[in-house]
Amino acid sequence: IRPQTPLGATIRGGNAQLTVSGSWLIIDGFRFEDIVRDSSTPILHFNGAQHCRFRNNVVARSGRQPHPATGVIRLRNGSRFNHIEHNDFLACQSQCIQVWAWDGDVTNSDNLIRYNCFADCAQAEVLQLGQGYQQPEINDPAYRTVVEFNLFENIDYVGELISNKTSANIYRYNTFRNCRDQLVLRHGTGATVMGNWFFDSVGIRVHDRDHLIANNYIHGGSGNTQLTFGITLYCGNYQRPAGEGGTHYP
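First residue of the sequence shown? That's -11 in the working numbering, and the numbers climb one at a time after it.
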């Protein structure tokens, strides 16, 4: 699915939504601008999609408000082996990409996020890979999401720039420039953070276990006086304390 000319069709404003269900579908070369949804569903919903591509698109000033904890793009219900690549995400009004791992929906694995530009975002996490522990039997779904060769630029502080909450994900060869927030391994095991470049950006925060963090370049400060270390190792609880509902942990 593509316009006659690259970026020649714009979906603008209102409460627009596109759902991708099925296999081997390609969304290529559209502009999505000023779409502000007021519901908990995303603008682009990968719903059981497999081997699909979202590429060469521009998403600008769009998302959910006033509750930004909904991805512009959400992958769920067994969405696997999809590629999100060569897109620009500009001044998004909520999370940019959200890979679902919640309420028993923990099979959204083996997706690839690469060669995208994320710029001037200040509302919520840019990437959220998983949402949180629930029962011990689904504590650590191995998602094997690969995030590579992306540019993150001028990202403001919201608590976590990238929030890793599933296992066996790989973050490699990305560039962070002028970012006041961190790549955070919030929970999940066996992540790889390798070969990333941090220029005037905060760096990496680490929870949980069995991660590999190697060959990253971290230079300069971000202007965020609350986060001053290049790599921070944290402790935390293995399970959510009883009675604390949706409280994040570790």
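Beta carbons are placed, not taken as given, at the ideal position from N, Cα and C, and that holds for glycine.
Taking Cβ positions, are residue i and residue j nearer each other than 8 Å?
i      : j      : result
Ala112 : Val146 : yes
Thr180 : Arg197 : no
Pro56  : Gln83  : yes
Arg267 : Glu141 : Because the chain spans -11 through 238 in this model, residue 267 falls outside it and cannot be assessed.
Pro129 : Thr163 : no
Ile143 : Cys105 : no
Gln81  : Arg62  : no
Sort the options by Cα distance to residue i and report the nearest one.
i       : options                          : result
Gly92   : Gly66, Leu100 and Asp98          : Gly66
Thr11   : Arg68, Thr95, Ala48 and Asn166   : Note that residue 11 is Ser in the sequence shown here, rather than Thr. Of the candidates Arg68, Thr95, Ala48 and Asn166, the one whose C-alpha sits nearest the C-alpha of Ser11 is Arg68.
Ala37   : Gln119, Ile14 and Asp22          : Ile14
Gly46   : Val8, Gln119, Asn70 and Leu(-5)  : Residue 46 is actually Val in this sequence, not Gly. Comparing Cα-Cα distances from Val46 to each of Val8, Gln119, Asn70 and Leu(-5), the minimum goes to Leu(-5).
Glu136  : Leu100, Asn96 and Ala202         : Leu100
Trp185  : Asn166, Asn96, Trp90 and Asn75   : Asn166
Gly208  : Leu221, Gly191 and His195        : Gly191
Ser189  : Met182, His195 and Gln170        : Gln170
Ile158  : Phe42, Leu115 and Phe187         : Leu115
Ile(-1) : Tyr205, Glu21, His195 and Leu173 : Glu21
Ala79   : Tyr222, Gly176, Val60 and Asn138 : Val60
Gly176  : Ala202, Asp26, Asn203 and Gly118 : Gly118
Ala202  : His195, Ile219 and Cys40         : Ile219
If we count the other Cβ atoms within 10 Å of its Cβ and call it buried at 16 or more, is residue i buried or exposed?
i       : result
Asn88   : The sequence shown places Trp at residue 88, not Asn. Per the 10 Å Cβ criterion, buried.
Arg168  : buried
Gln(-8) : exposed
Asn3    : exposed
Pro30   : buried
Leu32   : buried
Leu200  : exposed
For this session: Return the chain-ordered ranges of every beta strand (DSSP E) run that is complete within the segment 138 to 168 and spans a minimum of 3 residues.
Result: 139 to 141, 150 to 152, 158 to 160 and 163 to 165
Problem set entry | Inside the segment 12 to 93 only - beta strand (DSSP E) runs reaching at least 3 residues | 14 to 16, 18 to 21, 32 to 35, 41 to 43, 46 to 48, 61 to 64, 71 to 73, 76 to 78 and 85 to 87
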